[in-house]
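**Student:** Residues 0 to 750 (numbering that gives the first Met the number 0) are what the sequence shown spells out, left to right.
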Amino acid sequence: MKTVDLDLANSSRRDFLQQTSAGAGALVLASFWSTDANAQQSVSKSTAGAAFTPSALIKIDTDGSVTLISKQPEIGQGIKTSLPMVIAEELEVNWKDVKIVQGDLNPAYGSQFAGGSLSTPLNYDEFLKLGALARTMLIEAAAQNWKVAATECYAEKSKVFHQASKRQASYASLVSKAASLPVPDVKTVKLKDPAKYSLIGSRIGGVDNADIVTGKPLFGIDVKLPGMLYAVYEKCPAFGGKVVSANLEAIKALPGVRDAFIIEGTDNLNGLMPGVAIIAESTWASFSARKQLKVVWDEGKVVNESWDDFSAKAMAASKQTGAINLRKDGDVNAALANAAKTVEASYSYPFISHASIEPQNCTAWYKPEDGSLEMWVPTQNPAAGQAIVTNILKIPKEKITLHMTRSGGGFGRRLSADYVIEAAAIAMKVKAPVKLTWSREDDMRHDHYRAGGFHFLRGGVDAKGKLTAWHNHFLTFANRVTRDGKSILQPGSGASLSGDEFPGRWVENCLLEQTPMETGVPMGPWRAPGSNVFAWVFHSFIDELAHAANRDPLEFRLEILGDKDVMQGTGERGQPYNVTRMRNVLKMVAEKSGWGKRKFPRGQGQGIAFHFSHRGYIAEVAEVTVSKEGQLKVDRVVVVTDIGSQIVNMSGAENQVQGSVIDGISTLMFPELDIQRGRIVQGNFGEYGLLRMPDSPTKIDVHFLKSNFPVTGLGEPAFPPLAPAVCNAIFAATGKRVRQLPLSRNDLRWS
């Protein structure tokens with residue numbers, strides 16, 4: 000397998016795609032299916048030297064090489080490797096002969112985004128069909144050449160074989176003939192028996208691995224273009240502030256500075272915020288000039304906001320009825336009054352940053368002669384970047400070319416497009432390509448954060464230790480927006496609770512309430528939005544109730560789940576919950592971890608948790624050691640996942656689960672952002688802790704439980720159960736409950 004080494008300084012991916020799709024004697028297949036008669040007719044008239052479409056995902060050349068276009072953004076989740084594997088499996092080609100090219104934003108490719116662990120489930124079946132369609136046409140080409148029935152032939156390792164005569168033909172020799180054939184109806188194409196897969200389910204290294212470790216220019220921050228200039232963009236330290244004035248003339252006189260100007264921006268916290276741009280001949284010159292920039296800001300009303308104030312407001316609001324009633328089953332107050340034992344607890348967690356290693360950046364080149372804009376972007380959502388440029392700068396979509404580079408981490412941050420619109424707005428004032436680079440402080444203080452939150456919980460169990468009552472009042476954060484001419488409070492991404500969230504639907508007496516608190520802090524998706532904190536809160540409190548009932552935590556959870564196969568969704572946001580799948584992963588994680596079979600000494604313990612999110616059913620057991628001085632070591636984490644009938648790339652899948660565990664421990668232990676006077680206090684990793692190697696788990700055991708369900712993604716679902724599993728293990732080891740994040744705020748010392 001090869002990747003294509005692109006010279007970012009002298010060519011674009013668009014140029015490459017145009018060249019590959021027009022190559023002589025190439026067989027090229029359109030990315031998805033069309034029932035349009037004209038399209039089918041044009042395909043049927045294709046001849047050697049003509050491509051089926053210029054927006055192809057597959058190209059087979061006369062030398063036998065196969066080029067596959069990876070249409071999804073690669074942000075470290077391995078999709079640039081795994082999705083082409085799906086095509087290659089059905090296409091029956093040697094992986095070593097495959098070249099992978101990152102596709103640009105192109106409507107012919109369909110959806111192109113990386114978020115919600117959706118890249119695999121939205122493309123898997125279609126990619127199987129696409130590979131099978133190409134294989135079918137190559138077999139037909141060979142059959143016609145040999146004047147035999149196609150059913151007598153089969154494909155394997157980039158060749159077609161005739162069973163009876165033992166004749167064989169390489170794909171390279173069949174390209175011209177196959178390119179002249181009409182495309183068959185995809186419904187008639189036969190897929191392989193999954194039991195015969197040789198590539199899918201195997202261990203394949205990432206296609207960019209060699210280039211990454213040797214420092215090849217793959218990332219947005221690596222882009223270089225002839226005559227390129229370099230920009231920084233200073234925004235108000237307080238969210239939503241506007242520029243009053245700046246010492247622009249003094250900045251323009253500094254060495255290496257080409258220009259400095261104010262951009263008025265908009266009021267959208269997630270869009271083009273007002274600021275001052277500095278354009279220079281190097282990144283160093285622009286960053287150096289920024290240190291001498293003096294701006295007078297109108298900071299607005301957000302300067303009245305602080306975390307301490309939010310905490311006080313949440314505590315006061317918790318004593319009132321929730322503003323929004325999400326679910327009300329039975330009579331919670333009566334059930335609590337009649338319970339054999341009750342537990343009350345409050346859980347809280349702070350705003351945190353995405354903290355991706357590669358800070359936000361974008362290279363943009365505006366060409367006034369034709370009004371076009373070309374951009375090179377590390378993005379999770381290229382269409383959003385294109386759309387915001389069209390909406391704000393009024394550049395038509397057809398005039399915007401967006402090249403997707405590899406991203407040095409995303410975690411939801413690069414679903415936003417604020418850095419894209421900033422670069423585009425700057426480029427329209429610069430007569431050259433210009434790269435905007437955020438500093439680490441920009442990245443941390445102008446993030447779209449995971450929202451903080453406060454949960455006030457009450458629960459009750461009966462004399463037999465069965466859960467009979469559950470009440471959660473969730474104090475969340477919301478931005479004020481205008482919708483349909485009305486001013487409303489819109490909870491941040493992941494800051495809105497569903498009435499179906501576990502254990503809603505399972506408890507006879509259940510009350511779920513939500514009260515939004517207005518803030519000017521911008522919020523956005525953060526890995527496994529909502530689930531990343533809800534799992535910690537709910538499965539920690541379930542553990543509290545299990546211990547109050549003197550029940551085994553696993554047994555208690557299985558009893559709550561009950562014996563139904565599926566729990567149907569309720570309400571607008573409800574979705575079915577496959578209880579059988581969750582029971583199975585819980586039982587398997589108990590078996591693999593040896594749950595309940597060992598007696599741990601004081602200071603050591605096991606904790607268990609599970610969660611359903613992003614179509615995945617995951618259960619985890621954590622084993623920890625806590626010293627008498629309160630130092631935590633996560634010794635072992637056992638993970639069992641049910642993400643459907645097939646693991647595409649075993650190496651990549653294990654990597655995603657292991658990464659979720661490590662990221663989950665890091666997020667549990669260290670990061671938090673303080674808000675004072677409407678601004679983030681922390682600015683760099685010296686103030687914002689992340690997990691270091693000595694704190695990583697000694698062992699992570701990953702198990703995949705295959706089930707007869709559609710294939711789903713894995714970038715997010717293994718993250719949520721980690722925190723509650725570890726915190727429940729801490730309680731087992733020390734008797735101390737963790738109800739506030741990060742863990743560093745808790746005293747874990749014991750004697």
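Backbone N, C-alpha and C define an ideal beta-carbon position, used for all residues, glycine too. On a predicted model such as this, the values are computed, not experimentally measured, just so you know.
1) Does the separation of the CB atoms of P528 and R449 fall below 9 angstroms?
2) Taking Cβ to Cβ, would you say G102 is nearer than 9 angstroms to I68?
3) Based on the DSSP secondary-structure assignment, which residues constitute the bridge partners of S157?
4) Excluding the 5 residues flanking H702 on each side, which residues of the same chain have their C-beta closer than 6 angstroms to its C-beta?
5) Does the Cβ of A732 have 16 or more other Cβ atoms within 10 Å, making it buried, or fewer, making it exposed?
6) For a test of the three-state rule: what should DSSP assign to Q645, helix, strand or coil?
7) Rounded to a whole number of angstroms, what is the C-alpha to C-alpha distance between G573 and D328?
8) From S179 to A87, what distance separates their C-alpha atoms?
9) Can you give the beta carbon distance from V433 to I425, rounded, assuming they're within the 8 angstroms contact cut?
10) Rank F160, L271 and V578 by C-alpha distance to the C-alpha of H447 and give the top, closest one.
11) According to DSSP, M403 sits in a beta bridge with which residue or residues?
12) Taking DSSP as the reference, what is the three-state secondary structure of S650?
13) For a test of the three-state rule: what should DSSP assign to I199, helix, strand or coil?
14) With a 10 Å radius around its C-beta and 16 neighbouring C-beta atoms as the bar for buried, classify L190 as buried or exposed.
15) For the alpha helix (DSSP H) that C726 lies in, which residues bound it at each end?
16) Can you tell me whether DSSP reads G658 as helix, strand or coil?
17) Look at the alpha carbon of W145 and the alpha carbon of N93, and state the distance between them as a whole number of angstroms.
18) Keeping to the same chain, check which residues put their C-beta closer than 7 angstroms to that of V302; ignore five residues upstream and five downstream.
19) Starting from the N-terminal side, write out each stretch of the beta strand (DSSP E) that is 3 residues or longer and does not extend beyond the stretch 583-616.
20) How big is the Cα-Cα spacing for V159 and L721?
21) Considering Cα atoms alone, identify which of H402, F611, G226 and L198 is closest to A382.
22) Apply the 10 Å Cβ neighbour rule to V295 and answer buried if 16 or more other Cβ atoms are within range, or exposed otherwise.
23) Judging by CA-CA distance, which residue of T150, V174 and S539 is the nearest neighbour of A163?
24) Starting from the Cα of I351, find the closest Cα among D442, V725 and Q359 and give me that residue.
25) Please return the same chain residues whose Cβ sits closer than 7 angstroms to the Cβ of K428, not counting the five positions on each side in sequence.
26) For the beta strand (DSSP E) containing V342, list its first residue and its last residue.
27) For the stretch 225-280, which segments carrying the alpha helix (DSSP H) assignment without a break, of at least 4 residues, lie completely within its bounds, in sequence order?
28) Look up L129 in the DSSP assignment and say whether it is helix, strand or coil.
29) Pairing CB atoms from the stretch 684-700 with CB atoms from the stretch 630-638, are three or more of them under 8 angstroms?
30) If I measure Cβ to Cβ from A322 and keep anything under 6 angstroms in the same chain, skipping five residues before and after, which residues do I get?
31) What do you get for D499, buried or exposed, if any count of 16 or more other CB atoms within 10 angstroms of its CB means buried?
32) For A477, is the classification buried or exposed, using 16 other Cβ atoms within 10 angstroms of its Cβ as the cut-off for buried?
33) With distance defined between alpha-carbon atoms, name the residue in E558, A168 and R326 nearest to L511.
34) Are the CB atoms of G219 and W364 nearer to each other than 9 angstroms?
35) For F540, does the three-state DSSP call read helix, strand or coil?
36) Could you please give the first and the last residue of the uninterrupted beta strand (DSSP E) stretch that includes L510?
**Tutor:** Well, looking at it:
1) Numbered from its first residue, the sequence shown carries residue 528 at position 529. Numbered from its first residue, the sequence shown carries residue 449 at position 450. At a Cβ-Cβ threshold of 9 angstroms, P528 and R449 count as neighbours.
2) As a working mapping, residue 102 is identified with position 103 in the sequence shown. As a working mapping, residue 68 is identified with position 69 in the sequence shown. Yes, these two residues count as a Cβ contact at 9 angstroms.
3) Here the question's residue 157 lines up with position 158 in the sequence shown. Beta-bridge pairing links S157 to no other residue.
4) The residue you call residue 702 lines up with position 703 of the sequence shown. Excluding sequence neighbours, H702 sits near K591 and V639.
5) Walking along the sequence shown from the start, residue 732 turns up at place 733. Buried is the call here.
6) Translated into the one-based positions of the sequence shown, residue 645 becomes position 646. Reduced to three states, the DSSP call for Q645 is coil.
7) Along the sequence shown, one-based indexing puts residue 573 at 574. Along the sequence shown, one-based indexing puts residue 328 at 329. Straight-line Cα distance between these residues: approximately 15 angstroms.
8) Numbered from 1 along the sequence shown, position 180 holds the residue referred to as residue 179. Numbered from 1 along the sequence shown, position 88 holds the residue referred to as residue 87. One C-alpha to the other measures close to 22 angstroms.
9) The sequence position of residue 433 within the sequence shown is 434, counting from 1. The sequence position of residue 425 within the sequence shown is 426, counting from 1. Between I425 and V433 the Cβ distance is about 6 angstroms, and since that is below 8 angstroms, they are a contact.
10) Counted from its first residue, the sequence shown places residue 447 at position 448. Taking only the C-alpha atoms, the option nearest H447 is L271.
11) Position 404 of the sequence shown, counting from 1, holds the residue named residue 403. According to DSSP, which records beta bridges pairwise, M403 is partnered with V376.
12) Here residue 650 corresponds to residue number 651 of the sequence shown, with the count starting at 1. Helix at S650.
13) Walking along the sequence shown from the start, residue 199 turns up at place 200. Of the three classes helix, strand and coil, the one that applies to I199 here is coil, per DSSP.
14) The residue labelled residue 190 in the question sits at position 191 within the sequence shown. Answer is exposed; the Cβ neighbour count stays below 16.
15) Along the sequence shown, one-based indexing puts residue 726 at 727. Run containing C726: L721 to T733, per the alpha helix (DSSP H) assignment.
16) Along the sequence shown, one-based indexing puts residue 658 at 659. Three-state DSSP puts G658 in a helix.
17) In the sequence shown, counting from the first residue as 1, residue 145 sits at position 146. In the sequence shown, counting from the first residue as 1, residue 93 sits at position 94. Distance between the alpha carbons of W145 and N93 is about 24 angstroms.
18) Locating residue 302 in the sequence shown gives position 303, counting from the first residue. The residues are A237, R676 and G677.
19) 603-612
20) Here residue 159 corresponds to residue number 160 of the sequence shown, with the count starting at 1. Here residue 721 corresponds to residue number 722 of the sequence shown, with the count starting at 1. Taking the straight line joining both Cα atoms gives about 48 angstroms.
21) Locating residue 382 in the sequence shown gives position 383, where the first residue counts as 1. It is H402.
22) For the purposes of this step, residue 295 is taken as the residue at position 296 of the sequence shown. Flag for V295 reads exposed.
23) Stepping through the sequence shown from its first residue, residue 163 is reached at position 164. A163 has its Cα closest to that of T150, out of T150, V174 and S539.
24) Here residue 351 corresponds to residue number 352 of the sequence shown, with the count starting at 1. If we check each option's Cα against that of I351, D442 comes out closest.
25) Position 429 of the sequence shown, counting from 1, holds the residue named residue 428. Contacts found: F260.
26) If you number the sequence shown from 1, residue 342 lands on position 343. Run containing V342: K340 to Y348, per the beta strand (DSSP E) assignment.
27) 247-251
28) Start at 1 with the first residue of the sequence shown, and residue 129 comes out as number 130. DSSP places L129 in helix when its eight states are reduced to three.
29) yes
30) Counting from one through the sequence shown, the residue named residue 322 turns up at place 323. Correct list, in chain order: T514.
31) Counted from its first residue, the sequence shown places residue 499 at position 500. By the neighbour-count rule (16 or more Cβ atoms within 10 Å), D499 is buried.
32) Looking up residue 477 in the sequence shown gives position 478. With 16 or more Cβ atoms within 10 Å of its Cβ, A477 is classed as buried.
33) As a position in the sequence shown, residue 511 is number 512, starting the count at 1. Residue R326 is the option with its Cα nearest to L511.
34) Numbered from 1 along the sequence shown, position 220 holds the residue referred to as residue 219. Numbered from 1 along the sequence shown, position 365 holds the residue referred to as residue 364. No, the Cβ-Cβ distance between G219 and W364 is not below 9 angstroms.
35) The residue labelled residue 540 in the question sits at position 541 within the sequence shown. In the structure shown, F540 sits in a helix (DSSP, three-state: H, G or I).
36) As a first step, residue 510 is located in the sequence shown; it is residue number 511 there, counting from the start. From DSSP, the beta strand (DSSP E) with L510 extends over N508 to E517.
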